[in-house]
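Every number in the working numbering is 18 more than the matching position in the sequence shown, counting from 1.
We treat Cβ as the ideally placed atom computed from N, Cα and C, and that holds for glycine.
Okay, so here's the structure we're looking at.
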Amino acid sequence: MIPLICKHIREVLDAYDIFLFDIWGVIIEADQPCVRVVHTIATMIEQKRKVFFVTNAPRTAAFLQATLQSWGIPATEEMIISSGSVALSMLQNSAAEWGIPAPLVYHLGRASNNLIHDQPVAITHDIHAANLVLLTFFCEETEKEMLETVERTLAVIGQRNILTLCANPDLGLMRESTYRYCAGYFAEKIKQLGGKVVYAGKPYPKIFYKLLDQQPAVAKNRILMIGDTFDTDILGAYRVGIDSALVLTGNARKYYDPLSPLEQQLQQLTIAAMEKKMFPNFCIQLA
Numbered sequence: 019m020i021p022l023i024c025k026h027i028r029e030v031l032d033a034y035d036i037f038l039f040d041i042w043g044v045i046i047e048a049d050q051p052c053v054r055v056v057h058t059i060a061t062m063i064e065q066k067r068k069v070f071f072v073t074n075a076p077r078t079a080a081f082l083q084a085t086l087q088s089w090g091i092p093a094t095e096e097m098i099i100s101s102g103s104v105a106l107s108m109l110q111n112s113a114a115e116w117g118i119p120a121p122l123v124y125h126l127g128r129a130s131n132n133l134i135h136d137q138p139v140a141i142t143h144d145i146h147a148a149n150l151v152l153l154t155f156f157c158e159e160t161e162k163e164m165l166e167t168v169e170r171t172l173a174v175i176g177q178r179n180i181l182t183l184c185a186n187p188d189l190g191l192m193r194e195s196t197y198r199y200c201a202g203y204f205a206e207k208i209k210q211l212g213g214k215v216v217y218a219g220k221p222y223p224k225i226f227y228k229l230l231d232q233q234p235a236v237a238k239n240r241i242l243m244i245g246d247t248f249d250t251d252i253l254g255a256y257r258v259g260i261d262s263a264l265v266l267t268g269n270a271r272k273y274y275d276p277l278s279p280l281e282q283q284l285q286q287l288t289i290a291a292m293e294k295k296m297f298p299n300f301c302i303q304l305a
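See the structure below:
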């Protein structure tokens, strides 16, 4: 077994022409952006390196741009490719995507998520009237009553067998001492109940091709996806033929003992990669 190696991003700056960063788990953990990572990425942008953010966030690029800028990253909307923006594109082309020429959408998500506000999409608040569900919902594991309420809605979706568009394939993430269930978790529940689900976001190719189609002159081995999750970032990069690097933060932490030496952490991550059959090109440190 050859363990994964770890490189600092400084070592690979000239090996790649385009850098794709995940956001949650890479730039921010436990609701706190990592100042040193922010500085690294901001410096790369200032140096005119091609930086993009490819994230399973069911939000618009404008919303995420404001978030990144509030942390100190001078991102533009054009740099951001979110699962939310991919979902909107799919909704607006629902006839070609799924043979639904007149979607009537039930949004299963938090009221604060304005993904389809001001969009040319017909919306209903009656799950029994909808012919399509947009799923952006997340829930903390401690919100027991809300989880029970959502379970009842999921049962109706499963029984009606209407199509669900999941705008965040992530299953969940740690937030300080609690676990947050993301939309991907509830999508799995819908499938278990007999419902049909399609996904916008990593690891599915469509989100990557939003960028790749705009950069036809760049060789795929000159593009690096940097993320914290085997099942989305690493798998997604593999599926479209670009390189990937796993950070040691975010979801990657669940596979190793953080108190162990780096060499042992890399060995444990190598075991996880072998078990999942998902291999990053290397691990990476951004700070």
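DSSP places I244 inside the beta strand (DSSP E), whose first and last residues are I241 to G245. Residue environment: M164 is assigned as exposed (fewer than 16 neighbouring CB atoms within 10 Å of its CB, all protein chains considered).
Per DSSP, reduced to three states, the secondary structure at H143 is coil, with no helix or strand assignment.
The secondary-structure analysis by DSSP pairs Q303 across a beta bridge with H26. Three or more Cβ pairs closer than 8 Å define a contact, and the region 277-297 falls short of that threshold against the region 61-73.
Exposure of I20 is indicated by the presence of fewer than 16 other C-beta atoms within 10 angstroms of its C-beta.
Put simply, the region 50-61 touches the region 91-107. At least three CB pairs are less than 8 Å apart. If you draw a 10 Å sphere on the C-beta of S107, you find fewer than 16 other C-beta atoms in it, and that means exposed.
Annotation: L183 to F204 spans about 11 Å, alpha carbon to alpha carbon.
For H57, the enclosing alpha helix (DSSP H) covers residues V53 to E64. Where F37 is concerned, there is no enclosing alpha helix (DSSP H), although the beta strand (DSSP E) around it starts and stops at I36 to F39. Contact between the region 182-196 and the region 147-154 is present: three or more C-beta pairs spanning the two stretches fall below 8 Å. F39 is the residue among F39, C52 and E281 whose C-alpha sits nearest the C-alpha of K68. In the DSSP annotation of this structure, the continuous segment of the beta strand (DSSP E) that includes L181 starts and ends at L181 to C184. In its chain, beyond the 5 residues on either side, V69 have a beta carbon closer than 6 Å to the beta carbon of M62. When secondary structure is reduced to three states using DSSP, T288 falls in the helix class. Distance check between I244 and each of L304, L230 and I289 places L304 closest, using alpha-carbon atoms only. Taking the Cβ atoms as the reference, A80 lies roughly 6 Å from E95, within the contact range of under 8 Å.
Per DSSP, the beta bridge partners of T196 are R193. Distance from the CA atom of W42 to the CA atom of Q285, rounded to whole angstroms, is 24 Å.
The alpha-carbon separation between I289 and I23 amounts to approximately 13 Å.
With a cutoff of 8 Å on beta-carbon distance, T85 and L133 are scored as not near each other.
For K214, the enclosing beta strand (DSSP E) covers residues K214 to Y217. Assignment of beta-bridge partners to H135 by DSSP yields no partner. One alpha carbon belongs to R193, the other to K272, and they sit about 13 Å apart. In the DSSP annotation of this structure, S130 is not part of any alpha helix (DSSP H), being labelled neither H nor E.
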